[in-house]
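Heads up, the thing below is written out as structure tokens.
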Amino acid sequence: MDLRLPDQTIITLDPGATGLQAAEAIGPGLARAAVAVKIDGELRDLSRPIEDGGDFEVITLDSDEGLHVLRHSTAHILAQAVLDLFRGATFAIGPPIEDGFYYDFEVPEPFTPEDLEKLETRMSEIIAADQPFTRVVMSRDEAIQAFGDHKFKVEIIESLDPDEVSGTDEVTAYRNNGFIDLCRGPHLPSTGRIPAFRLLRSSGAYWRGDQAREQLQRVYGTAWASKADLEAHLHRLEEAEKRDHRRLGTELDLYSFPPQLGAGLAVWHPKGGMLRKLVEDHSRLLHQRFGFDFVFTPHIGREELWETSGHLEFYAENMYPKMQYEGDPGYRVKPMNCPFHVLIYQSRQRSYRELPMRLGELGGVYRYEQSGVVHGILRARGFTQDDSHTFCTEGQVADELKLHLDFVLTWLRDFGFDEFEADLSTRPEKAIIHEEERWDVAEAALADALEAHDVAYRVAPGEGAFYGPKIDVHIKDAIGRRWQCSTIQLDVNTPRRFGLQYIDSDNTPVRPYMIHCAKAGSLERFMGILVEHHAGAFPMWLAPVQVSIIPVADRHDEYARRVQQSLVEAGLRVEVDLSSDTVGDKIRRALTQKHPAVLVVGDDDIANSTVGLRLYGEDRDDRDLPLVEATNRLVGLARRPS
RNA sequence: GCCGGAGUAGCUCAGUGGUAGAGCAAUUCACUCGUAAUGAAUAGGCCAGGGGUUCGACUCCCCUCUCCGGCUCCA
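First residue of the first sequence? That's 36 in this note's numbering, and the numbers climb one at a time after it.
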């Protein structure tokens, strides 16, 4: 049989040769590094015979697929250790995930940190024993027999679609020593091939993610191709912790979450308030540039409004309860701005000549999030949407969607994000919408808009809002994490529910389409992402304090204040450090606060009208710089991006 | 909401069934200094809140609140 290698060379082997033998035929070094092989795109164990030729690739720990195999095998060993050490434990599922793996168990008592240490020790013993993994093929009935003591495994076996697994009524399992686990594989040749792993934490998880089902104990771990890689990964986790927006919020004095306010509710301190103002200003500016008019609407509205909009039907669990005095109709705090904008549209009769009508608002909304999910300002109960609603004709939909996408991408780029991925979410099953053809038009228009902007996207079938399909734009931050921010949703339902119409050129009433769009999503969440993305060291145009001035001694205070005055007149946000600390201490404080620019002024500067300039992130300073020149440079650096 | 962990000075954290500790920050004084911590002194606490057990609770038990890690959900 012939195997075609990735470089297109062909090697010829006897049929039935194993993947390992094939790797040896290529080279002994490769064979030693091999953890699995890939034949015609299918990952397989090294020890498994190859019957027919095809495209062949050796998988090592240098690739994501190799790490996937490594982590999957490590998860098996975790399960093996748990079953060894905990009487009465049974195991559910244990897949590899990004950067690691987890395994879910049903155990009488949750795992403690000490338990994790014991498990790591046991796993190390299993790895040291270098037990070979053996692939076992069995019939479904045999498998149910073999896993009879483990109810979750039996449930999995019974739910497997035979056609999907192998086209036969067979399932596979992997055995090492006395331990066997149901698994599609592939696995490492033996347990000794795991170079480095660590258990990270345990937590609760539901069987199949269903709150109504058993609560299991999930153990998270990670595994890497080398001890150095593991250390690097643990270091990255620490770095992520250092840029945690809650920690930086305290350190940089941006915002806090007073317990007296309740979960998910933040107060913004002066520096955080400045950050907000800058973000809000930019939002208003771009709205205006893209042809949106700003509106203002109240925080509460009659409950009836939410009945009409359908939110009480679909969204009630996230809404705060009704506020009502005796004899009045009862009010709800708004979780969304849409119905209010609809009311503006409806305030008088509309003509086709007025469309598209684009209404924008920085609207404060409140949502009752489950207590366990609130997370700083990334997931709050009160937040501000940079919301807009566009009313347009069917013929305008495609162009409007393109304009909205353009707006969204401009916004994100201005804040320093330039890697995007989009999800196109299509009609969900729960959508109780009669105008199906409108859904089809809408979904096609969104796909067109994405293609017109050359944004990579994937289709998420059935994940649209109940009122229409949507595009969600995800950004990648400085340490590679993906965040969902912007959303553009085409709404075919709200105009119908509110009976919206406009008078067309032929004097007939027509129902408009509606487009919901949020660029940041939640301004607070977006600012949290900004804090983590920049690790608190904002680009100069966003920095609450742009320049701090440090007089060397207190006889320089007056000059420092004059410099401040002159920079403020140039439009900069400037602080002077008038404390009696040493220069080194003041510098340290300015750097810790991540101020973009530091000006040190002393005797020479007073004599020559100069300053010493040091920029954040540059470990050097520029002395004897004429103040005029420094001002020009700083003003240039502080310019907003678009 | 569920599972687990936690809450001690503004921040980071020690501590123990017998009257509460450190570092940083703060305040005062001295120092007046040229690019990441000058020194000394002072002040600061209903040990999250409420019940209980106990001669005695910050410590043990129960409830509530808030936070953390997940599940689930989502902007």
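All C-beta atoms, glycine included, are put in the ideal place defined by N, C-alpha and C. Fair warning: this is a prediction, and the values are worked out from it, not measured in the lab.
Note on geometry: alpha-carbon atoms of A595 and V580 lie some 16 Å from one another. For F452, there is no enclosing beta strand (DSSP E), as DSSP marks it with neither H nor E. The alpha carbon of S423 has as its nearest neighbour, out of W303, P131, G556 and Y355, the alpha carbon of G556. In the DSSP assignment, D216 falls within the unbroken beta strand (DSSP E) covering F214 to L217. Looking from the CA of D119, the closest CA among R253, E100, D150 and Q600 belongs to D150. With 16 or more other Cβ atoms inside 10 Å of its own Cβ, T529 counts as buried. Secondary structure note for N211: its beta strand (DSSP E) is the uninterrupted segment E205 to N211. In terms of CA proximity to E100, R79 leads the group E86, Y401 and R79.
Shown here, T666 sits in a helix according to DSSP, grouped into three states. DSSP places H317 within a helical segment (H, G or I) once states are collapsed to three.
Beta-bridge pairing by DSSP links R623 to no other residue. For D616, no beta strand (DSSP E) run applies, since DSSP gives it neither H nor E. Taking the C-beta atoms as reference points, H551 is found no nearer than 7 Å to Q519. In this chain, the beta strand (DSSP E) harbouring D422 covers G417 to C427. Annotation: the stretch 255-343 contains the following complete segments of the beta strand (DSSP E) (minimum length 3 residues), in chain order: 335-337.
I45 is bridged by DSSP to R39. In the DSSP annotation of this structure, the continuous segment of the alpha helix (DSSP H) that includes Y380 starts and ends at C373 to Y380. Apart from sequence neighbours up to five positions away, the residues of its chain that approach M173 with a beta-carbon distance below 7 Å are A181, E205, V206 and A208, ordered along the chain. Minimum Cα-Cα distance from P586 among the listed residues V603, L535 and D616 corresponds to D616. Under the DSSP assignment, H111 falls in the alpha helix (DSSP H) whose first and last residues are D99 to L120. For S194, the uninterrupted alpha helix (DSSP H) segment begins and ends at K186 to S194.
As a beta-bridge residue in DSSP terms, L397 pairs with D421. The stretch 534-553 and the stretch 300-320 do not touch, with fewer than 3 CB-CB distances between them shorter than 8 Å. Exclusion of the five residues before and after K621 leaves I585 and D612 as the residues of its chain whose Cβ lies within less than 6 Å of its Cβ. Taking a 10 Å sphere around the C-beta of M358, we find fewer than 16 other C-beta atoms and assign the residue as exposed. Nearest neighbour of H222 by Cα position, chosen from P305, P167 and E92, turns out to be P167. DSSP places V582 inside the beta strand (DSSP E), whose first and last residues are V582 to P586. From the listed residues L55, W242, R590 and V171, the smallest Cα separation to E92 is found for L55.
Minimum Cα-Cα distance from S225 among the listed residues T109, S238 and A673 corresponds to T109.
Boundaries around L151 are those of the alpha helix (DSSP H), P148 to A163, since no beta strand (DSSP E) includes it.
Between the alpha carbons of Q381 and P333 lies a distance of about 16 Å. Counting only residues of its own chain and dropping the five nearest sequence neighbours on each side, P676 has a CB closer than 6 Å to the CB of D449. For the pair H322 and G244, the CB atoms are not nearer than the 7 Å cut-off. With contacts defined as CB atoms closer than 7 Å, L38 and A58 fail to qualify as a contacting pair.
Counting C-beta pairs closer than 8 Å gives fewer than three between the stretch 424-437 and the stretch 397-411, which falls short of the contact rule. In the three-state reduction of the DSSP assignment, R402 falls in the coil class.
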